[in-house]
Every structure is written in structure tokens, then in C-alpha cells.
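Student: Under UniProt numbering, the first residue of the sequence shown carries the number 1, and numbering increases by one thereafter. Heads up, the beta-carbon is just placed ideally off N, CA and C, and yes, glycines get one too.
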Amino acid sequence: MCTAATYKTKDFYMGRTLDYEFSYGEQITITPRNYEFDFRFAGKIKSHYALIGMAFVAGGYPLYYDAVNEKGLGMAGLNFVGNAAYEEALPEDETEVSQVAQFEFIPWILTQCATVAEAREKLAAMRLTGTAFSEQLPTAQLHWIIADKDACIVVESMKDGLHVYDNPVGVLTNNPPFLGQMFALNNYAGVSRKQPESTFAGVLQLDAYSRGMGGMGIPGDLSSQSRFVKVAFT
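1) Does the distance from the CB of Y65 to the CB of L18 come in under 8 angstroms?
2) Starting from V100 and walking both ways along the beta strand (DSSP E), at which residues does that stretch end?
3) Leaving out five residues on either side along the sequence, give the residues of the same chain with a beta carbon under 6 angstroms from the beta carbon of G74.
4) Distance check for T6 and V229, CA to CA, integer angstroms please.
5) Spatial neighbours of F233 within its chain, please: C-beta separation below 6 angstroms, excluding the five flanking residues on both sides.
6) Could you check if A4 is buried or exposed, using at least 16 other CB atoms within 10 Å of its CB as the buried criterion?
7) Report the rounded CA-to-CA distance for M1 versus M182, giving the unit in angstroms.
8) Excluding the 5 residues preceding and the 5 following I109 in the sequence, name in chain order all residues of the same chain whose CB lies nearer than 7 angstroms to its CB.
9) So, does the region 18-30 touch the region 42-61, judging by three or more C-beta pairs under 8 angstroms?
10) Here's a check: name, in chain order, each residue in its chain whose Cβ is nearer than 7 angstroms to the Cβ of L137, leaving out the five neighbours to either side.
11) Between the region 148-167 and the region 197-204, do at least 3 Cβ pairs fall closer than 8 angstroms?
12) Which of the three DSSP states is assigned to Q225 in this structure?
13) Are the beta-carbon atoms belonging to Q99 and A140 less than 8 angstroms from one another?
14) Along the chain, where does the beta strand (DSSP E) containing K46 start, and where does it finish?
15) Can you give me the Cβ contacts of N79 inside the same chain, cut-off strictly under 6 angstroms, excluding the 5 residues immediately before and after it?
16) Which residue marks the beginning of the beta strand (DSSP E) containing F12, and which one marks its end?
17) Between which two residues does the alpha helix (DSSP H) containing L179 stretch?
18) Taking the C-alpha atoms as reference points, what is the distance between P107 and L51?
19) Taking just the CA atoms, how far does A84 sit from V155?
20) Taking the alpha-carbon positions, what's the T115 to G72 distance?
21) What does DSSP give as the partner residues of C152 in its beta bridges?
22) Between the alpha carbons of G130 and A89, how many angstroms are there, rounded?
23) Between S157 and Y86, how many whole angstroms is the CB-CB distance? I'm expecting something under 8 angstroms.
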């Protein structure tokens with residue numbers, strides 16, 4: 001169960017939960033400026049932004065679950081089991097766009113991009129491959145949220161290709177796909193942060209006897225769709 005959310009007041013905040021049955025030994029990980037990344041297809045990069053986030057470090061390589069760079073651009077990968085599908089890697093002479101392995105997607109974006117707008121440009125010329133980090137660490141089925149203080153997008157790689165969506169609620173959980181999550185919010189159009197008025201029946205004057213009654217109907221279970229609704233409302 002993973003839930004990512006953004007929040008903006010005077011400052012910008014981004015965070016996520018990682019509620020999983022077991023751990024790979026992930027820990028808070030800092031990648032300083034100019035730490036050499038050797039991307040599987042794109043080669044080495046030495047000059048880049050610094051990152052901090054949650055990662056499992058394997059052989060000196062930080063496998064980030066989520067991170068934010070020094071410019072304030074954040075990114076998180078969340079489980080998307082059953083819907084995620086990636087491209088097969090092609091020989092270098094058969095593609096004119098950058099090929100990025102799924103496990104290196106977060107550092108590939110965050111080392112090079114300062115804003116969501118810059119990330120969009122990278123995404124427009126990219127193939128996301130299902131290349132595994134190693135035999136012991138197979139490819140994870142994920143989708144991603146990318147956000148800064150001005151914008152938020154969702155990236156989903158599925159059987160019909162790579163999709164990039166504007167995310168007006170700044171929230172992501174797991175299944176169903178993002179467009180299905182957004183459509184489900186229509187079921188809660190009558191929910192409000194304001195106290196409700198008595199409209200049940202004209203002959204009854206019903207009392208809003210407690211604060212928060214405008215939110216009645218928001219789901220209380222922990223399924224991914226319910227978590228999406230709850231956090232989007234909050």
C-alpha cells in the first residue's frame with residue numbers, strides 16, 4: 001500500500017508512504033552532485049543535481065523508491081501491479097530516443113531536470129525499458145508521480161505505450177490506472193469541507209451536530225482507490 005501526496009502553502013511539500021510486507025534494506029540515501037551514474041543505456045553522467053530520498057543501495061548504485069533533487073523536483077514510484085508494461089530494449093542503432101531502464105528512471109529524471117516542464121521534455125524523447133537491475137532484483141511494476149511547486153504529473157507505462165497525465169490533485173496510490181482514479185472522484189461530487197445544510201426533507205430540520213459532517217461518504221477502508229479519494233479530499 002503506497003500513497004504519495006503533494007501539499008503547497010508558502011512552501012512545497014511532497015511525501016509518500018511505503019507500507020509493504022518486507023524490506024529490501026532501504027534507507028535514507030544522499031547522492032551528491034557529480035557522483036558518477038552509469039546508466040544502462042545512456043552511459044555515464046558526472047555533472048548533475050544532488051538527490052536525497054529513500055533507496056536500496058546495491059553495489060554502490062542507489063535504487064531509489066522516491067527522491068527530491070536540490071532544485072525541488074520530486075519523484076516517487078508506486079506499485080502498479082498488473083497494469084505496468086515496459087518496452088523491450090533495442091540496439092542503440094535502432095532507436096533515436098533515450099532508452100531508460102525502469103530501475104534508473106528516478107535518478108535519470110532528477111539528476112538532469114529542475115522542473116516538471118523539463119521532465120516532460122525528457123519524457124517526450126524516451127523509451128522506458130523493462131531491463132532488470134540484476135537476476136536477484138527483477139523489474140518492478142510501477143507508475144510514477146513527478147512534482148514541483150508549480151506542477152504535478154503522473155507517468156504510466158502500459159501495454160499501449162507511455163502515458164503522461166497532468167495531476168491536478170497531486171496524489172497517487174496504486175491501481176486502477178490514474179484516469180480511472182480521477183473518474184472515480186465523480187462519485188464524491190457532493191462531499192464538502194463545509195458543514196452540510198438540512199436538505200433531507202422539508203418537514204425536518206436536521207442538525208449538523210458535529211464538525212466534519214460535510215465529509216460523510218468519504219471511504220474509510222485502505223484499498224488503493226479509497227486512499228486516493230481520501231488524500232485527494234484532504
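Tutor: In brief:
1) yes
2) 98-101
3) M14, V68, A147
4) 14 angstroms
5) I218
6) So A4 counts as buried.
7) 18 angstroms
8) So the list reads M75, A119, K122, I146, once near-sequence residues are dropped.
9) yes
10) A58
11) no
12) Helix at Q225.
13) no
14) No beta strand (DSSP E) contains K46, which DSSP labels as neither H nor E.
15) Same-chain partners within the cutoff: C2, N174.
16) Unbroken beta strand (DSSP E) run through F12: 12-18.
17) Where L179 is concerned, the enclosing alpha helix (DSSP H) stretches over 178-184.
18) 8 angstroms
19) Taking the straight line joining both Cα atoms gives about 10 angstroms.
20) 8 angstroms
21) The partner list for C152 (beta bridge, DSSP) reads A147.
22) 8 angstroms
23) 5 angstroms
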